[in-house]
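To start, the structure under review is shown below, and the notes come after it.
Numbering (the UniProt record's numbering), first residue to last: 1 to 460.
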């Protein structure tokens with residue numbers, strides 16, 4: 001660079017001459033180009049995120065949100081599995097509560113029991129009924145097991161004879177060889193059998209602990225369920241509490257309808273299959289009926305498995321002709337249940353399609369075994385009702401929204417501030433000259449001026 005320009009710039013700086021600036025047109029062009037660059041264009045063409053088609057952007061936005069929801073659900077299931085010894089008994093207690101609540105109400109209304117006495121009486125009555133059924137079934141099994149054992153031995157011998165003289169044509173030596181292989185397999189699996197027995201003993205301990213937790217929670221749900229629910233709702237923001245409360249009320253109605261319906265369906269299955277079994281194995285008809293009753297609480301799968309057990313027992317005791325007749329009875333009872341009872345009884349309260357029920361039971365069984373299959377349908381029905389209410393569809397409009405929940409420990413100052421702001425707004429909207437002090441309308445929760453006839457604390 002030559003010395004002349006340097007001297008000229010130094011002289012301008014010494015004299016205070018401003019540096020040349022861009023014209024307004026030039027500045028506008030620069031700003032426009034900068035703004036367009038910020039929007040993701042380069043040389044008139046989109047680049048970066050703006051170069052991605054809108055459909056791909058929408059799909060990506062949905063994808064990461066779905067992945068986040070899936071991760072949350074997976075984490076919730078994992079935590080639930082860790083605490084299943086507590087979660088499962090509480091779920092059982094909730095179902096028992098919705099079943100025993102009408103009994104408690106009957107005792108309070110007609111026998112004038114206190115709430116605590118009615119709760120403990122309903123719980124003890126249920127325990128007496130269950131204990132009676134178990135005792136009768138156990139004594140029947142003990143008395144009929146000897147006869148079934150003899151018939152099972154006879155049936156096994158007939159089966160072995162059929163293997164020899166039947167189409168397979170197996171010789172005695174071949175059959176004995178297969179039996180020896182079976183004995184060797186059992187002997188080599190003794191460690192697994194012992195570990196399985198120890199695991200079963202541990203499971204029995206967990207079941208006993210879970211039963212105690214379930215009974216304890218059932219009693220307090222019956223006694224003080226609304227207070228517990230109020231505390232749970234109070235954990236949510238104030239603006240969402242009423243919606244959550246109303247959705248919870250509808251969810252409880254759904255659970256109650258499901259539990260009552262499932263008991264009736266299971267009872268019909270048990271009576272039908274038990275009466276059919278009484279023609280072939282009278283000594284085991286009652287235990288089979290109780291087994292079918294318990295198994296029917298797992299929709300679709302439970303009825304199929306327990307019905308198959310009944311057919312196998314009849315097969316062992318009376319042969320294949322009686323077993324075929326028993327199979328026809330089981331299928332007839334299950335068809336009546338599936339196509340007449342469940343749609344009629346569940347109806348609007350538990351509106352789940354049979355395909356949805358089957359998939360939910362399969363998913364629950366895969367995720368948590370028998371317990372998952374047992375609670376899959378009521379959980380799905382509960383979620384369906386609650387989500388529909390959140391989205392504006394009320395399956396039970398007759399319940400209304402007048403039932404309010406008092407949240408203990410709710411801050412008083414914010415309520416007072418809201419009421420004061422509302423009073424100021426009313427004063428600004430209505431001129432003071434046209435609103436005599438004695439005619440001011442009392443707001444809910446405030447002491448009304450004399451002469452209005454409105455009591456204080458109206459919304460408490």
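Positions of the beta carbon are idealized from the N, C-alpha and C atoms, including for glycine.
Check, Outcome
"Going along the chain, which residues of its own chain have a beta-carbon closer than 7 Å to the beta-carbon of residue 396, five neighbours each way excluded?", "250, 253"
"What do you get for residue 337, buried or exposed, if any count of 16 or more other CB atoms within 10 angstroms of its CB means buried?", "buried"
"Taking 8 Å as the cut-off, decide whether the C-beta atoms of residue 130 and residue 217 are in contact.", "no"
"In the DSSP assignment, find the alpha helix (DSSP H) that holds residue 256 and state where it starts and stops.", "238-278"
"Assuming contact is defined by CB atoms lying nearer than 8 Å, are residue 315 and residue 323 in contact in what I supplied?", "yes"
"Do residue 341 and residue 268 have their C-beta atoms within less than 8 Å of each other?", "yes"
"Go ahead and pull the three-state DSSP assignment for residue 149.", "helix"
"By DSSP, does residue 52 sit in helix, in strand, or in coil?", "coil"
"To the nearest angstrom, report how far apart residue 301 and residue 357 are at their CA atoms.", "10 Å"
"My output table needs one value for residue 400: the three-state DSSP class, helix, strand or coil.", "coil"
"Which whole-angstrom value is the C-beta distance of residue 317 and residue 279, which I expect to be below 8 Å?", "So it is not a contact: roughly 11 Å between Cβ atoms."
"Where does residue 287 sit, in a helix, a strand or coil, going by DSSP?", "helix"
"Less than 8 Å separating the beta-carbons of residue 305 and residue 206?", "no"
"For the alpha helix (DSSP H) that contains residue 336, what are its first and last residues?", "320-336"
"Would you decide whether residue 461 is buried or exposed? Buried here means 16 or more other CB atoms lie within 10 Å of its CB.", "What is shown of the chain runs 1 to 460, which leaves residue 461 out entirely."
"Taking the alpha carbon of residue 462 as the point to measure from, which residue in 257, 373, 233, 299 has its own alpha carbon closest?", "No information on residue 462 is available, as it lies outside the stretch 1 to 460 that the chain covers here."
"Within this structure, are the beta carbons of residue 469 and residue 282 separated by less than 8 Å?", "The first residue shown for the chain is 1 and the last is 460, placing residue 469 beyond what the model contains."
"CB residue 297 to CB residue 270, shorter than 8 Å?", "no"
"Alpha carbon to alpha carbon, how far is residue 61 from residue 115? Give it in angstroms, no decimals.", "52 Å"
"If I follow the unbroken alpha helix (DSSP H) through residue 298, where does it start and stop?", "It is not in any alpha helix (DSSP H) - residue 298 carries neither H nor E in the DSSP assignment."
"Kindly indicate which three-state DSSP category residue 83 falls into: helix, strand or coil?", "coil"
"Should the region 62-75 be called in touch with the region 219-238, which here means at least 3 C-beta pairs below 8 Å?", "no"
"Report yes if the C-beta distance between residue 291 and residue 98 is below 8 Å; otherwise report no.", "no"
"Helix, strand or coil for residue 113 per DSSP?", "coil"
"Going by DSSP in three states, residue 180 sits in which element: helix, strand or coil?", "helix"
"Whole angstroms are fine: how far does the CA of residue 373 sit from the CA of residue 325?", "29 Å"
"Starting from residue 386 and walking both ways along the alpha helix (DSSP H), at which residues does that stretch end?", "354-390"
"Give me, in chain order, the residues of the same chain whose beta-carbon lies closer than 6 Å to that of residue 272; leave out the 5 immediate sequence neighbours on both sides.", "333"
"Quick check: the Cα distance between residue 75 and residue 123, rounded to an integer number of angstroms?", "35 Å"
"With distance defined between alpha-carbon atoms, name the residue in 361, 149, 398, 274 nearest to residue 293.", "274"
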